[in-house]
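Numbering (this note's numbering), first residue to last: 8 to 237.
Heads up: the structure comes next, in structure tokens.
Given below as structure tokens:
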């Protein structure tokens with residue numbers, strides 16, 4: 008029997024609420040609540056039988072997980088054994104149970120990762136440095152300049168940043184600049200060179216190269232693709 012529009016809306020809202028609870032449990036290092044939330048989540052979608060529905064739900068689950076991880080400065084690509092840049096690989100999920108097993112494994116791993124981060128005595132300092140970077144993307148963010156602001160030698164700060172985040176300082180700066188640039192490019196009134204300047208690039212060629220490395224398309228093509236999807 009087909010679902011009514013009201014039933015579909017209610018199910019969508021239930022999915023959102025359960026996933027929010029599940030992600031909160033991930034942050035709070037609560038494996039039991041992660042497991043229970045997953046069980047609730049998949050009770051709602053257990054009726055999906057055909058492969059296209061499974062594929063679509065996999066897209067939904069992964070996009071929500073990706074968004075959640077981005078808010079925590081955790082890279083989904085670094086954690087997964089599949090390459091999400093080619094979304095056809097999601098057809099590897101044959102059943103809803105496959106997605107469930109995958110999602111549980113990823114959330115347990117992320118929860119452990121975040122728990123270990125919190126135990127690091129240098130985490131507060133790194134959080135302050137990350138916040139400083141995000142608030143000053145348009146300025147020179149070379150390691151020596153940031154180290155001077157925080158009163159450390161560049162070598163020590165670079166070592167500390169990599170130890171706590173498992174990411175090179177320069178890679179973090181570039182990633183944050185590209186994420187912000189992607190947001191700016193969604194504004195059609197903003198020229199590409201203006202977006203580049205707003206995230207600290209005076210060299211448009213370098214900006215385009217880094218953008219393509221991050222998102223698979225140069226800025227101009229990315230903007231056209233976005234306009235074409237509207």
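Heads up, the beta-carbon is just placed ideally off N, CA and C, and yes, glycines get one too.
Residues near residue i by beta carbon distance below 8 Å, same chain, minus five either side
{"i": "residue 192", "result": "199, 202, 226, 229, 230, 233"}
{"i": "residue 21", "result": "51"}
{"i": "residue 64", "result": "52, 55, 103, 106"}
{"i": "residue 93", "result": "Low confidence applies here, because residue 93 scores a pLDDT of 49, under 50, leaving its location unreliable; read the following figure in that light. Within the same chain, residue 93 has no close Cβ partners at all."}
{"i": "residue 147", "result": "207"}
{"i": "residue 162", "result": "none"}
{"i": "residue 42", "result": "111"}
{"i": "residue 222", "result": "185, 189, 229"}
{"i": "residue 109", "result": "100"}
Rounded straight-line distance, which links the Cα of residue j to that of residue i
{"i": "residue 23", "j": "residue 151", "result": "43 Å"}
{"i": "residue 181", "j": "residue 174", "result": "11 Å"}
{"i": "residue 164", "j": "residue 47", "result": "44 Å"}
{"i": "residue 194", "j": "residue 186", "result": "14 Å"}
{"i": "residue 61", "j": "residue 33", "result": "24 Å"}
{"i": "residue 5", "j": "residue 183", "result": "Missing from the structure shown is residue 5; the chain here goes from 8 to 237 and no further."}
{"i": "residue 29", "j": "residue 100", "result": "21 Å"}
{"i": "residue 157", "j": "residue 133", "result": "10 Å"}
{"i": "residue 35", "j": "residue 128", "result": "18 Å"}
{"i": "residue 121", "j": "residue 40", "result": "16 Å"}
{"i": "residue 44", "j": "residue 38", "result": "10 Å"}
{"i": "residue 252", "j": "residue 160", "result": "What is shown of the chain runs 8 to 237, which leaves residue 252 out entirely."}
{"i": "residue 130", "j": "residue 138", "result": "12 Å"}
{"i": "residue 205", "j": "residue 79", "result": "23 Å"}
{"i": "residue 31", "j": "residue 125", "result": "15 Å"}
{"i": "residue 59", "j": "residue 123", "result": "38 Å"}
Contacting residues, own chain, Cβ-Cβ under 7 Å from residue i (five flanking each side not counted)
{"i": "residue 49", "result": "103, 107"}
{"i": "residue 197", "result": "191"}
{"i": "residue 224", "result": "232"}
Residue i, buried or exposed, once every other Cβ within 10 Å from all chains shown has been counted against 16
{"i": "residue 217", "result": "buried"}
{"i": "residue 207", "result": "buried"}
{"i": "residue 172", "result": "buried"}
{"i": "residue 88", "result": "Summary for residue 88: the model assigns pLDDT 48, below 50, so the residue's position carries little reliability; its value from the coordinates is reported in the next sentence. Exposed: under 16 other Cβ atoms inside 10 Å."}
Nonlocal neighbours in the same chain, by C-beta distance under 6 Å from residue i, ignoring five residues either side
{"i": "residue 176", "result": "150, 165, 168"}
{"i": "residue 26", "result": "71"}
{"i": "residue 214", "result": "203, 208"}
{"i": "residue 211", "result": "200, 203"}
CB contact below 8 Å: residue i versus chain B
{"i": "residue 142", "result": "Absent here is chain B; the protein component of the structure consists of one chain."}
**Request:** Indicate whether the contact test is met: 3 or more Cβ pairs, each with one atom in the segment 153-161 and one in the segment 110-121, closer than 8 Å.
**Result:** Contact between the segment 153-161 and the segment 110-121 is absent, because fewer than three Cβ pairs lie under 8 Å.
**Message:** Does the segment 66-73 come into contact with the segment 131-142, if we say contact requires no fewer than three beta-carbon pairs (one atom in each stretch) closer than 8 Å?
**Reply:** Under the three-pair Cβ rule at 8 Å, the segment 66-73 does not count as touching the segment 131-142.
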